[in-house]
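Asker:
Residue numbers (our numbering): 16 to 128.
1. Between 47, 109 and 62, which lies nearest to residue 34 when the distance is taken from Cα to Cα?
2. Give me the DSSP bridge partner(s) of residue 32.
3. Does DSSP put residue 117 in a helix, in a strand, or in coil?
4. What is the rounded straight-line gap between the Cα of residue 93 and the Cα of residue 101?
5. Can you look up residue 63 in the DSSP assignment and give me helix, strand or coil?
6. From the DSSP output, in three-state form, read off residue 110 for me.
7. Would you identify the three-state DSSP class for residue 71, choosing helix, strand or coil?
8. Quick one: any contact between the stretch 69-77 and the stretch 41-61, if contact means 3 or more CB pairs under 8 angstroms?
9. Does DSSP put residue 87 in a helix, in a strand, or in coil?
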């Protein structure tokens with residue numbers, strides 16, 4: 016329902032649409048008094064908090080020191096070519112038994128010496 020012609024409210028803009036009022040003409044959300052009151056009620060009831068968050072542009076974090084290496088692991092038996100990778104089944108069996116991954120295959124299991 017449009018306001019009567021000749022008696023338009025102050026700040027009325029026929030081209031503006033308010034997303035809070037589902038696109039109603041006359042104002043935009045920046046000038047919507049109902050929206051501002053709803054937001055203020057939410058702030059007063061502490062349902063939302065608009066406290067300023069830390070700003071890393073105005074208050075940057077302190078510079079960290081140079082990079083440090085805390086641990087270095089080196090493996091002497093690394094194989095670079097996959098085709099040269101051959102592991103005996105007995106080694107695999109021992110690793111499985113040590114890790115208790117496959118306990119049903121004990122030393123006396125037939126088929127594996």
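For glycine and all other residues, C-beta sits at the position ideal for the given N, C-alpha and C.
Answerer: According to the structure data:
1. As a working note, residue 34 is residue 19 in the chain shown. Cα-wise, what sits closest to residue 34 is 47.
2. On the chain shown, residue 32 is found 17 positions in, with the first residue counted as 1. DSSP output for residue 32 lists 40 as bridge partner(s).
3. Reading the chain shown from its first residue, position 102 is the one you call residue 117. DSSP places residue 117 in the coil class of the three-state scheme, outside both helix and strand.
4. Walking along the chain shown from the start, residue 93 turns up at place 78. Walking along the chain shown from the start, residue 101 turns up at place 86. Going from the Cα of residue 93 to the Cα of residue 101 covers about 12 angstroms.
5. Within the chain shown, numbered from 1, the residue matching residue 63 stands at position 48. The answer is coil: DSSP assigns residue 63 none of H, G, I, E or B.
6. As a position in the chain shown, residue 110 is number 95, starting the count at 1. Three-state result, residue 110: helix.
7. Indexing the chain shown from 1 puts residue 71 at position 56. Note: residue 71 maps to coil in three-state DSSP.
8. no
9. If you number the chain shown from 1, residue 87 lands on position 72. The answer is coil: DSSP assigns residue 87 none of H, G, I, E or B.
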